[in-house]
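Below is one structure; the comments refer to it alone.
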Amino acid sequence: MENNIFKTTMTNGLILGLIFSVNFLFTASRNVVLMLMTYLLMALIVVLLYRMTKKYRDITSGGYIKYWKVFNFVVLTFFFSSIISSIFKIIYTQFIDTAYLSSLLEESLKMTESYRSVFERFNMPMDENYYEQLENQFKPANYAIQGIWINVLAGAIIGLVFGGIFKKEKGLFDDTPSQPEIK
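Start counting the sequence shown at 3; every next residue gets the next number (this note's numbering).
Okay, structure coming up:
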């Protein structure tokens, strides 16, 4: 039974991972229309995950599933999706659009400078070490790994909600054999 959860989440993760990758591609394009379509893709991800979870409960788990098993199913699906998406992000940032991460870094540095007073108010140093760490976050592998953690966190939040929606435990009389009908 535990093997089924990995097989199912890996298959579902492949499907959602491709959608995650398209979502990233739309975001990276900087085209307003495509960037707006990312909201539709996010909704599609939630709807597909809803259907996948319902199917897992009804077919693979025999109609019954515990809260934490739903949670695990959703988080594992998002984890495998994130791995597919991170591989795509690495390929994209290293080979297709090598300037993408440097432009993100520039935007981040501008934003950081605009909030300098906030950093100073809280005695947070903005020294060379801070800037090196910031630059390190915008290397392809580190950027992709951050995406994994963000997606898994999103999956955990959705998993908490879906756990309440899909949990269905056997009732007291669900295991008893049915009585023959009296004619």
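Even for Gly, the Cβ is constructed at its ideal location relative to N, Cα and C. Predicted model only: the values in this text are computed from it and were never measured.
Can you find the residues in the same chain that come closer than 8 Å, C-beta to C-beta, to residue i, ignoring five residues on each side of it along the sequence?
i           : result
residue 142 : 91, 92, 95, 96 and 103
residue 154 : 77, 80, 81 and 84
residue 20  : 86
residue 6   : 62
What did DSSP end up calling residue i once you bin it into helix, strand or coil?
i           : result
residue 170 : strand
Keeping to the same chain, check which residues put their C-beta closer than 6 Å to that of residue i; ignore five residues upstream and five downstream.
i           : result
residue 107 : 140
residue 73  : 161 and 165
residue 25  : 40 and 43
Are the CB atoms of residue j and residue i within a distance shorter than 8 Å?
i           : j           : result
residue 55  : residue 18  : no
residue 168 : residue 32  : no
residue 88  : residue 157 : no
residue 66  : residue 171 : yes
residue 113 : residue 121 : no
residue 28  : residue 36  : yes
Use the C-beta contact count for residue i: other C-beta atoms within 10 angstroms, 16 or more gives buried, fewer gives exposed.
i           : result
residue 123 : exposed
residue 159 : exposed
residue 100 : exposed
residue 8   : exposed
residue 152 : exposed
residue 47  : buried
residue 51  : buried
residue 117 : exposed
Select from the options the residue whose C-alpha is nearest the C-alpha of residue i.
i           : options        : result
residue 45  : 35, 117 and 22 : 22
residue 115 : 48, 132 and 43 : 132
residue 14  : 30, 146 and 57 : 57
residue 135 : 111, 12 and 11 : 111
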